[in-house]
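Asker:
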């Protein structure tokens, strides 16, 4: 793993949050969160669509950031729209959350 990844992992495991939230972040960073798209690709679901907004592909970023319902949760948790919805890949977006000064609040809000 890269030095950039090492920094993210060290910070993740040092966060004073429940282990289940750390595991959730680990799943997200490893593209291992069982979204509907992942489940459909593995033939565990009939559709890869988001069950909340019916977007045709429920990716990790869609489930956590881009779905209108997720946006409402993020905004109610105080996560800035400008920062949250910029064009970043999943790792970069999650890295920004984990390295943020409010990482505990942001991580728990995502979970």
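In the numbering used here, the protein residues as written are 935 to 1045. Heads up, the beta-carbon is just placed ideally off N, CA and C, and yes, glycines get one too. Keep in mind that this is a model prediction, so the values were computed, not measured.
What's the call for residue 964, buried or exposed, on a 16-neighbour Cβ count within 10 Å?
Answerer: As a position in the chain shown, residue 964 is number 30, starting the count at 1. Result: exposed.
Asker: Under a Cβ-count criterion, where at least 16 other Cβ atoms within 10 Å of its own Cβ denotes burial, should residue 969 be classed as buried or exposed?
Answerer: By one-based count along the chain shown, residue 969 stands at place 35. Buried, by the Cβ-count rule.
Asker: Report the rounded CA-to-CA distance for residue 973 versus residue 948, giving the unit in angstroms.
Answerer: Indexing the chain shown from 1 puts residue 973 at position 39. Indexing the chain shown from 1 puts residue 948 at position 14. Going by the C-alpha atoms only, they are around 31 Å apart.
Asker: Classify residue 993 as helix, strand or coil using the three-state DSSP reduction.
Answerer: Translated into the one-based positions of the chain shown, residue 993 becomes position 59. In the structure shown, residue 993 sits in coil (DSSP, three-state: anything other than H, G, I, E or B).
Asker: Counting only the same chain and skipping the five closest in sequence on each side, list residues whose C-beta sits under 6 Å from that of residue 1002.
Answerer: Residue numbering aside, residue 1002 sits at position 68 when the chain shown is read from its first letter. Result list for residue 1002: 987, in chain order.
Asker: Is the beta carbon of residue 1032 less than 8 Å from the beta carbon of residue 951?
Answerer: As a first step, residue 1032 must be located in the chain shown, where it is residue number 98. As a first step, residue 951 must be located in the chain shown, where it is residue number 17. For residue 1032 and residue 951, no; Cβs fall outside 8 Å.
Asker: At 4 residues or longer, and completely inside the stretch 957-991: list those alpha helix (DSSP H) runs for me, N to C.
Answerer: 970-975, all fully within the stretch 957-991.
Asker: With distances taken Cα to Cα, identify the nearest neighbour of residue 985 among 997, 1030, 975, 1025.
Answerer: Residue mapping note: residue 985 aligns to position 51 of the chain shown, counting from 1. Per the Cα distances, 997.
Asker: By the three-class DSSP mapping on this structure, what secondary structure does residue 1045 have?
Answerer: Your numbering for residue 1045 matches position 111 in the chain shown. DSSP places residue 1045 in coil when its eight states are reduced to three.
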